[in-house]
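Shown next, in structure tokens, is the structure this report addresses.
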Amino acid sequence: MRRSLYNAIFAAGITFVLTCLMLGVQLGAEGTTLTVTGADATRWTWIGIGIAAVFFVQLFSDKVDAFFGRIPKPNLAALKPEETKWRRIKPWALAALVVVMLVWPFMASRGAVDLATLTLIYIMLGLGLNIVVGLAGLLDLGYVAFYAVGAYTYALLSEYFGFSFWACLPIAALLAATFGFILGFPVLRLRGDYLAIVTLGFGEIIRILLNNWTDLTGGPNGISGIEKPTLFGLEFSRRASEGSQTFHEFFGIDYDSSQKVVFLYLIAVVLVCIVVYLINRLMRMPIGRAWEALREDEIACRSLGLNRTVIKLSAFTLGASTAGFAGCFFAARQGFISPESFIFIESAIILAIVVLGGMGSQVGVICAAIVMTILPELAREFSEYRMLMFGLLMVLMMRWRPQGLVPMKRPHLELKQQ
Amino acid sequence: MLTLRNVNTHYGQIQALHDVSIEVNQGEIVTLIGANGAGKTTLMMTVCGSPQASSGSIEFEGEAIEKQPTSVIMRKGLAVVPEGRRIFPGLTVAENLHMGAYFSDKAAYEAQRDHVLELFPRLKERYHQRGGTMSGGEQQMLAIGRALMSHPRLLLLDEPSLGLAPIIIQQIFEIIEQLRDEGVTIFLVEQNAHQALKIADRGYVLENGRVVMSDTGAALLQDDAVSKAYLGG
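From first to last, the protein sequence lines are chains C and D.
Each position in the first sequence, counted from 1, maps to that position plus 100 in my numbering.
With my numbering, letter number 62 in the second sequence gets 46, and the count goes up by one each step, no holes.
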């Protein structure tokens, strides 16, 4: 009891200090001087109520915990059919999912399809970072740099050399992979916190470079008017540019701007399917297990004759190329990119997706990407409190599902019992 | 099979091994005993190329390996069970064993896996259990099993008895003898001098980075100086 009283006073004190500074006083400008104005009485009442709430929750924390403990947790395992049954339905379920994903946009609203496209981009990014952080255990805080490399590859090649989206897709992936390789070399010896700092720095370097190399990248103004992808040369605009044809003319239908949105969505679906398939194969291959082994014990890996340089670099390079892929598509979808799109918070969101989903788990990452992109959209009125909600989400996860939404389950074969 | 000639090893400025010469012949169990800090583990790590010897030569089956990187050395038919086991705690027994056979083809992997499971029936019982959830003895069995997965001709063991109960140590040493009878050459680094010398064909005594004595296992066991220093009188 004494301990919880102490805790309660301490927590209430912290809440008091924080709320007073953040909500209680406001800075204002009066002519050239800064003035500090206090909040009105109703706000102070709310602050008082908040502090009291914190105090009492802490004071009776045992009872509160017990209460929450009694809420039955959803039994996710029960939702999944039995192993043998699941194996039989799995291909059908996957096929149904793909069909739904392909048919759905023709019925949904334009905004929903657009949001889905954004979600798919984050799924790609999450899956890529999952290789680096989830499997190989290399904490990368500058992942957005590779995303930027992919996006700028397409934007620049399209602007200066007139390359098409489809040609740029592999180029962007390759170039991002090269950057991953270049970054990978100096950081091979680092792990944990030190690696995180270096990658964080790398992410900032790329962003600042893009911001300041005005001649090439347009600096903070970014690059606009990036060409949209075409379907075998058919454009999705009202009027065709010289020497090409538009989609609606070719098929003799009326022009509708939502065609373009749906088309972009479908490209994203295809790209995500490719990425999911490739990474799934990689995880089942020996290299996938080598990543995990390296995360577990580096010395043991070396004692088994594994070359840690190759393993680490392959993880870094493959992760980066996925981001390049996503970046290229992002530039094409957006039509405009600037360094603003590649700030640190993006890296943090992608990392949050990986951690939230359950490190190493593909299904988990996909679920988390959906949650992390759709939730902020649903709670648009609270956009000011977005960071607060992320924080809350993380705390809740730590308490109830520290292993992630859908923790990783490695594929394995049963050994026949003789 | 394994020959070290005048090997010196440095950690930065500090010299850990001084002119060490050791010979391990085909089909032998050779043991290296010594006090803490004598350089036993350093010697074993030097054979594996991490750290590399600063001078001297190391030959494995007639081939000089002292300048080669660890990842190349470890694929040549020698395997090491590192000090403190170092299994992959989050991977299952099956996956740990699979990692040991990373460079083998499927048939060789399956044959060797069955053999290892025969040697260590306990691993079969725990086949789908995560390595980190097993007892110390089982983990040591897994570490040895994993090293055997690459079908080595020479097995380097670094303190396999570390932190294990006497009965388990007994089992481990029996397995080591069994491996020797199957034709695997064993180089055993041990603190547990009594046990090690009992099964060893020959032994070396390392003191402050120098080989101070070498003889057959039985002779070292009888030796006054050795028994005073390492066997407790």
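Even glycine gets a Cβ: it sits at the ideal position worked out from N, Cα and C.
Predicted, not measured: the structure shown is a model, and the values here were computed from it.
Residue environment, Pro150/D, which counts as buried when at least 16 other CB atoms sit within 10 Å: Residue 150/D sits at position 166 when you count from the first residue of the second sequence. Its Cβ having fewer than 16 others within 10 Å, Pro150/D is exposed.
The segment 101 to 120 of chain D in contact with the segment 43 to 55 of chain D per 3-pair CB rule at 8 Å: no
Classification of Asn80/D by the beta-carbon crowding that lies within 10 angstroms, buried from 16 upward: Reading the second sequence from its first residue, position 96 is the one you call residue 80/D. Looking at its Cβ environment, which holds 16 or more other Cβ atoms inside 10 Å, Asn80/D is buried.
Neighbour list for Gly128/C in chain D, Cβ cutoff strictly below 7 Å: Within the first sequence, residue 128/C is the residue found at index 28, counting from 1. Within chain D, no residue comes near Gly128/C; the closest Cβ sits about 55 Å away, beyond 7 Å.
Contact check, Trp391/C vs Ala415/C, beta carbons under 8 Å: Residue numbering aside, residue 391/C sits at position 291 when the first sequence is read from its first letter. Residue numbering aside, residue 415/C sits at position 315 when the first sequence is read from its first letter. Yes, Cβ-Cβ distance for Trp391/C and Ala415/C is below 8 Å.
Partner residues on chain C for Arg70/D, Cβ-Cβ distance less than 8 Å: The residue given as residue 70/D occupies position 86 in the second sequence. Residues of chain C passing the Cβ test: Asp397, Ile399, Ala400, Ser403.
Option nearest Gln158/C by Cα separation, candidates Asn107/C, Trp500/C, Asp214/C: Working through the first sequence from its first residue, we reach residue 158/C at position 58. Out of Asn107/C, Trp500/C, Asp214/C, Asn107/C has the C-alpha closest to the C-alpha of Gln158/C.
Inside the segment 273 to 332 of chain C only - alpha helix (DSSP H) runs reaching at least 4 residues: 292 to 312, 314 to 317
8 Å Cβ cutoff, Arg106/D in contact with chain C: Taking the first residue of the second sequence as 1, we reach residue 106/D at position 122. No, because no Cβ of chain C sits closer than 8 Å to the Cβ of Arg106/D.
DSSP three-state assignment for Arg114/D, whether helix, strand or coil: Mapped onto the second sequence, residue 114/D falls at position 130. Correct three-state label for Arg114/D: strand.
Interface residues of the segment 375 to 395 of chain C facing chain D [CB-CB below 9 Å]: Pro386, Arg389, Ala390, Glu392, Ala393, Arg395
Spatial distance of Pro136/D from Thr(-7)/D (CA atoms): Stepping through the second sequence from its first residue, residue 136/D is reached at position 152. Stepping through the second sequence from its first residue, residue -7/D is reached at position 9. About 25 Å.
8 Å Cβ cutoff, Met83/D in contact with chain C: Position 99 of the second sequence, counting from 1, holds the residue named residue 83/D. Yes, Met83/D lies at the interface with chain C (some Cβ there is under 8 Å from its Cβ).
Short CB-CB distance (under 8 Å) between Asn407/C and chain D: For the purposes of this step, residue 407/C is identified with residue 307 of the first sequence, where counting begins at 1. True, the Cβ-Cβ gap to chain D drops below 8 Å.
C-beta neighbour in chain C for Thr26/D, strict 8 Å: Counting from one through the second sequence, the residue named residue 26/D turns up at place 42. Chain C contact via Cβ: absent.
Neighbour-count burial assignment, Gly138/C, 16 or more Cβ in a 10 Å radius: The residue given as residue 138/C occupies position 38 in the first sequence. With fewer than 16 other Cβ atoms within 10 Å, it is exposed.
Whole-angstrom distance between Gly84/D and Leu103/D, CA atom to CA atom: Counting from one through the second sequence, the residue named residue 103/D turns up at place 119. Counting from one through the second sequence, the residue named residue 84/D turns up at place 100. Rounded to the nearest angstrom, the two C-alpha atoms are 16 Å apart.
Cross-chain neighbours of Phe87/D in chain B, by beta carbon under 8 Å: Chain labels in this structure do not include chain B; the protein chains are C and D.
Proximity test, Cβ basis, 8 Å: Arg59/D and chain C: For this step, residue 59/D is matched to residue 75 along the second sequence. Chain C contact via Cβ: present.
Start-to-end residues for the alpha helix (DSSP H) that takes in Ser41/D: The count along the second sequence starts at 1 and reaches residue 41/D at position 57. Premise fails: Ser41/D lies in the beta strand (DSSP E), 39 to 44, not in any alpha helix (DSSP H).
Other residues of its chain near Leu140/D: CB distance less than 6 Å, five sequence neighbours each side excluded: Position 156 of the second sequence, counting from 1, holds the residue named residue 140/D. Excluding residues within five positions, the ones whose Cβ falls inside 6 Å are Met28, Val64, Phe171.
N- and C-terminal bounds of the alpha helix (DSSP H) containing Phe155/C: Within the first sequence, residue 155/C is the residue found at index 55, counting from 1. Element bounds for Phe155/C: 141 to 159.
Listed by chain order, chain C residues near Leu75/D by CB distance under 7 Å: Position 91 of the second sequence holds residue 75/D. Neighbours of Leu75/D on chain C, chain order: Glu392, Ala393, Glu396.
Per DSSP, cross-strand counterpart(s) of Glu47/D: Residue 47/D sits at position 63 when you count from the first residue of the second sequence. In DSSP, Glu47/D forms a bridge with Phe44/D.
Alpha-carbon spacing of Val4/D relative to Ala276/C, whole angstroms: Position 20 of the second sequence holds residue 4/D. Position 176 of the first sequence holds residue 276/C. Distance between the alpha carbons of Val4/D and Ala276/C: 49 Å.
Neighbour-count burial assignment, Gln518/C, 16 or more Cβ in a 10 Å radius: Walking along the first sequence from the start, residue 518/C turns up at place 418. Summary for Gln518/C: the model assigns pLDDT 46, below 50, so the residue's position carries little reliability; its value from the coordinates is reported in the next sentence. Per the 10 Å Cβ criterion, exposed.
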